[in-house]
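A.B. asks: Residue numbers (the UniProt record's numbering): 1 to 81.
The structure that follows is given in the form of structure tokens.
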Amino acid sequence: MNLNREIRSCFKCHKLDHISPNCPSKTEVCGKCAEKTHKTKECEHLDSKFKCVNCKNGKHKSDDPKCPERIKAVDRLKKLL
Numbered sequence: 001m002n003l004n005r006e007i008r009s010c011f012k013c014h015k016l017d018h019i020s021p022n023c024p025s026k027t028e029v030c031g032k033c034a035e036k037t038h039k040t041k042e043c044e045h046l047d048s049k050f051k052c053v054n055c056k057n058g059k060h061k062s063d064d065p066k067c068p069e070r071i072k073a074v075d076r077l078k079k080l081l
């Protein structure tokens, strides 16, 4: 079982551990560059402008399975199983 796929990720703010119907954010955030000025599907930034919403890293998108925060979430899930 791929536990990374079991981690909830919001399509509105791209943070972990909740989904968009329960999102506390009032603003949609881009999952590629973490800007609040446009939606992910409208992002025109190149790979060099990626920024993760979860770990604030400028080298990957918010849905990257190698994100340290996503890895921590997977580890928390493993402990529950």
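Where a beta carbon is used, it is the ideal one built from N, C-alpha and C, also for glycine.
Because the structure is a prediction, the values reported are computed rather than measured.
What is the DSSP secondary structure of residue 25, counted as helix, strand or coil?
C.D. replies: Working through the sequence shown from its first residue, we reach residue 25 at position 25. Here residue 25 sits in coil by DSSP.
A.B. asks: For the putative contact between residue 11 and residue 20, defined by C-beta atoms under 8 Å, what is the C-beta separation to the nearest angstrom?
C.D. replies: By one-based count along the sequence shown, residue 11 stands at place 11. By one-based count along the sequence shown, residue 20 stands at place 20. Confirmed, about 5 Å.
A.B. asks: DSSP has residue 48 in a bridge; who is on the other side?
C.D. replies: Along the sequence shown, one-based indexing puts residue 48 at 48. None; residue 48 has no bridge partner.
A.B. asks: Classify residue 80: buried if its beta carbon has 16 or more other beta carbons within 10 angstroms, exposed otherwise.
C.D. replies: Here residue 80 corresponds to residue number 80 of the sequence shown, with the count starting at 1. Exposed, by the Cβ-count rule.
A.B. asks: Measuring CA to CA, which of 34, 3 and 38 is closest to residue 51?
C.D. replies: Locating residue 51 in the sequence shown gives position 51, where the first residue counts as 1. Residue 34 is the option with its Cα nearest to residue 51.
A.B. asks: Cutting at 8 Å between CB atoms, please list the residues of its own chain near residue 8, excluding the five before and the five after it.
C.D. replies: For the purposes of this step, residue 8 is taken as the residue at position 8 of the sequence shown. The residues are 16, 17, 18 and 19.
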